[in-house]
Ligand SMILES: Cc1ncc(COP(=O)(O)O)c(C=O)c1O
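Numbering (my numbering), first residue to last: 6 to 422.
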């Protein structure tokens with residue numbers, strides 16, 4: 006019988022491309038069955054695995070969940086999020102770096118993903134473009150498409166793989182000629198997939214540029230979306246949030262939004278909790294943001310996960326719990342740096358080009374034929390994710406012992422591409 010599509014016209018063709026990460030993951034699992042776990046390096050999973058290659062969790066979080074009341078586990082949370090959670094999300098996001106004379110509000114969302122969804126949908130006109138980095142987390146495209154928004158990319162790095170602001174400036178200028186609302190996405194610190202973190206100096210220059218754009222044309226609305234999913238693995242509060250002081254005095258038609266995620270910070274990806282934070286010098290702007298976000302929550306997924314919200318509220322109000330979690334997270338953060346250092350040292354020795362890495366879950370090697378490169382590495386039972394312009398190593402999933410030799414094998418494989 007011939008197949009007749011029943012979906013509405015805007016849904017045609019959705020989901021026809023396979024998910025690269027899950028395809029590779031299946032290949033890696035097949036290889037484990039064939040040759041054994043010891044011989045396989047699975048650098049495809051975007052979650053922390055411990056040194057025994059088991060899914061890592063924080064024991065303080067596990068214990069919290071064992072003691073939580075049935076009501077906090079099962080009941081609804083308020084649509085916008087529990088008030089104590091919203092305060093806690095703002096506190097965790099800024100950690101003392103909220104600029105003076107600004108207003109901040111939060112809305113609970115299912116992970117950072119939910120917050121990104123709200124900003125793409127509520128701050129960009131249908132059919133218009135969101136500006137995202139060329140090296141980027143794939144779902145930015147999916148989220149934009151799902152909500153009938155288009156995507157334009159800026160180049161994060163120049164020809165020598167050094168971070169550059171020029172393309173952001175050029176693309177912003179171009180898009181502001183065409184549309185009044187512009188959302189620009191930054192995934193920093195510990196960018197996925199490069200591990201790059203923008204410096205305070207880079208932020209300062211960029212914010213000055215955006216301020217100028219906003220002041221020069223009051224009709225324009227410039228919305229920055231900072232996706233900070235990995236910030237708790239990227240250094241001290243000063244290093245990860247210090248740049249926020251440059252947001253002081255932004256004009257009212259410039260709005261800073263931050264996607265806060267509990268997925269990585271608490272190693273509880275599946276609990277689907279996070280918040281979208283709005284920061285402005287105008288009280289009206291943040292109140293509108295809160296109203297609109299709350300309505301969107303109701304209209305898309307209703308409420309968030311109460312237990313996760315309760316956890317964050319308790320972390321902020323219970324220094325003992327906070328310090329236990331911080332200690333355990335610091336262990337994994339150090340482990341990530343240790344794994345990265347092995348790869349980067351070897352890459353330097355064999356002259357393997359990587360994107361500039363500071364911290365985080367991933368290291369990326371640029372390539373003209375990423376698929377071929379991943380296939381060659383699979384011959385050595387190394388499983389990585391091919392991107393458009395390179396391959397991504399999920400160092401978060403690879404134990405220290407298996408980090409050695411990977412850069413050298415990649416250099417050799419590049420010679421065969
Ligand atoms: C760059 C980036 N942003 C956002 C997310 C969203 O994660 P979640 O929705 O679980 O918070 C991820 C998850 O992998 C990510 O890599």
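Just so it is clear, CB atoms sit at the ideal spot from N, CA and C, and this is done for glycine as well.
Q) Is any heavy atom in ligand 3 found nearer than 6 Å to the beta carbon of residue 132? A) For the structure depicted, ligand 3 is absent and the ligand set comprises only ligand 1.
Q) Got a sec: does ligand 1 put a non-hydrogen atom nearer than 6 Å to the Cβ of residue 306? A) Residue 306 has its Cβ no nearer than 6 Å to any heavy atom of ligand 1.
Q) Quick one: what does DSSP say residue 288 is sitting in, helix, strand or coil? A) In the three-state scheme derived from DSSP, where H, G and I count as helix and E and B as strand, residue 288 is classed as helix.
Q. If you measure from each residue's Cβ to the nearest non-hydrogen atom of ligand 1, which ones come out under 6 Å, in chain order?
A. Applying a distance threshold of 6 Å between residue Cβ atoms and the heavy atoms of ligand 1 selects 51, 116, 117, 118, 142, 192, 197, 232, 234, 266, 268, 274 and 279, given in chain order.
Q) Hey, residue 142 and residue 161 are a contact pair by Cβ (cut 8 Å); roughly how many whole angstroms apart? A) Going by Cβ atoms, the distance from residue 142 to residue 161 rounds to 13 Å, so no, they are not a contact pair.
Q | Contact the segment 304–323 vs the segment 68–80: 3+ CB pairs below 8 Å | A | The segment 304–323 makes contact with the segment 68–80, as at least three CB pairs between them are under 8 Å.
Q. So who's on the other strand from residue 178, going by DSSP bridges?
A. The secondary-structure analysis by DSSP pairs residue 178 with nothing; it has no beta-bridge partner.
(Q) Closest to residue 28 by C-alpha separation, out of 322, 389 and 117, would be which residue? (A) Nearest C-alpha to residue 28: 389.
(Q) Rounding to the nearest angstrom, what Cα-Cα distance links residue 119 and residue 146 in this structure? (A) Roughly 14 Å separates the two Cα atoms.
Q: Give a yes or no on contact between the segment 243–256 and the segment 197–214, applying the rule of three or more CB pairs nearer than 8 Å.
A: Taking a contact to require three or more Cβ pairs closer than 8 Å, the segment 243–256 and the segment 197–214 qualify as touching.
Q.
One question on the structure: do residue 154 and residue 291 come within less than 7 Å of each other, judged by their Cβ atoms?
A. No, these two residues do not count as a Cβ contact at 7 Å.
Q | Rounded distance between the beta-carbons of residue 372 and residue 395, thought under 8 Å | A | 5 Å between Cβ atoms; contact.
Q: Tell me where the alpha helix (DSSP H) around residue 115 begins and ends.
A: Per DSSP, residue 115 belongs to no alpha helix (DSSP H) and is neither H nor E.
Q: Report the rounded CA-to-CA distance for residue 115 versus residue 190, giving the unit in angstroms.
A: The alpha-carbon atoms of residue 115 and residue 190 are separated by roughly 19 Å.
Q | residue 186: first and last residue of the uninterrupted beta strand (DSSP E) it sits in | A | From DSSP, the beta strand (DSSP E) with residue 186 extends over 186–192.
Q.
Quick check on the burial criterion: 16 or more other C-beta atoms within 10 angstroms. Buried or exposed for residue 198?
A. Residue 198 should be labelled buried.
**Q.** Cα-Cα separation between residue 188 and residue 229, rounded to whole angstroms
**A.** Rounded to the nearest angstrom, the two C-alpha atoms are 6 Å apart.
Q: Could you pull the start and end residues of the beta strand (DSSP E) that residue 138 belongs to?
A: For residue 138, the enclosing beta strand (DSSP E) stretches over residues 134–138.
(Q) DSSP has residue 264 in a bridge; who is on the other side? (A) In DSSP, residue 264 forms a bridge with 232 and 281.
Q) Does DSSP put residue 255 in a helix, in a strand, or in coil? A) In this structure, residue 255 counts as coil in the three-state DSSP scheme.
Q: Would you mind stating whether residue 259 and residue 227 have Cβ atoms separated by less than 7 Å?
A: Between residue 259 and residue 227, the CB-CB gap stays under 7 Å.
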